[in-house]
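Here's the structure, in structure tokens; my notes come after.
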Amino acid sequence: MTLLDLFQWLGHTALGVFMQQSTYAFAVVEMIHLLALALLGGVILIVNLRALGFGLKSQTPAGLAQQLRPFLLGSIAIVGISGILLLSEEPIKCYFNPAFRLKMLLLSLALLFYFAIQQRVLLAQPAGGASLLAKFTSVVSLLLWLSVGLAGRAVGFI
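Per this note's numbering, the very first residue in the sequence shown carries number 92; after that it's consecutive.
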């Protein structure tokens, strides 16, 4: 089974047909997707800005990341589920859209970077503040997430 076959299959599932035929489903799911993206972006922004030395000085970046982890994981789950629903509405268009492919690549990189690298760096920080490495990973994280957002915005224009 190729990736194109998977996208075609998704468009022909009961869920895909429902999303394609419903008057309001796409709008409702997109609203949920955008609200979850706002939550995800807020968590990422708060943790990264704290690691860069801005705001919430009473908390360590690692402590803040741990406190916000349920919101991060919940928003990732909602974004993923709603994203699949949105994809099922026009899977072939998305398959051939270079901006969509770039968005998926950047999203994968941003998630991998956050969970494989940045979290470990933040957890290794002393209580007094963030190291240069933690600040560097925060800048990289912010750039990756900004790139995901820009590529996502470009999907509708290409």
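Idealized CB from N, CA, C, for every residue including glycine.
Only a predicted model underlies this, so the values are computations on that prediction, with no experimental measurement involved.
Out of curiosity, what's the CA-to-CA distance linking Ala-51 and Leu-214?
Summary: the structure shown does not reach residue 51, with the chain confined to residues 92 through 249, and so no result is reported for it.
Under 8 Å, do Gly-146 and Ala-221 count as touching if we go by C-beta distance?
No, they are not a contact pair.
Does the distance from the CB of Leu-223 to the CB of Phe-204 come in under 8 Å?
Not closer than 8 Å, so no.
Anyone know if the C-beta pair for Ile-137 and Leu-155 falls short of 8 Å?
Yes, the pair counts as a contact, with Cβ atoms nearer than the cut-off.
For Lys-226, report the span of its alpha helix (DSSP H) as first-last.
Looking at the DSSP string, the run of the alpha helix (DSSP H) that includes Lys-226 is 223–246.
Could you tell me how far apart the beta carbons of Ser-179 and Gly-102 are, in whole angstroms, since I believe they sit closer than 8 Å?
Ser-179 to Gly-102, Cβ: 6 Å. Contact.
Exposed or buried, what is Thr-228 when buried is set at 16 or more other beta-carbons lying within 10 Å of its beta-carbon?
So Thr-228 ends up on the buried side.
At the level of alpha carbons, what is the spacing between Ala-242 and Thr-151?
Going from the Cα of Ala-242 to the Cα of Thr-151 covers about 31 Å.
Within 10 Å of its beta-carbon, does Arg-141 have 16 or more other beta-carbons around it, so buried, or fewer, so exposed?
It counts as buried.
What is the DSSP secondary structure of Met-110, counted as helix, strand or coil?
Helix, per DSSP.
Of all the options Gly-240, Gly-107, Gln-111 and Asp-96, which has the alpha carbon lying nearest to the alpha carbon of Lys-194?
Comparing Cα positions, the closest option is Gly-240.
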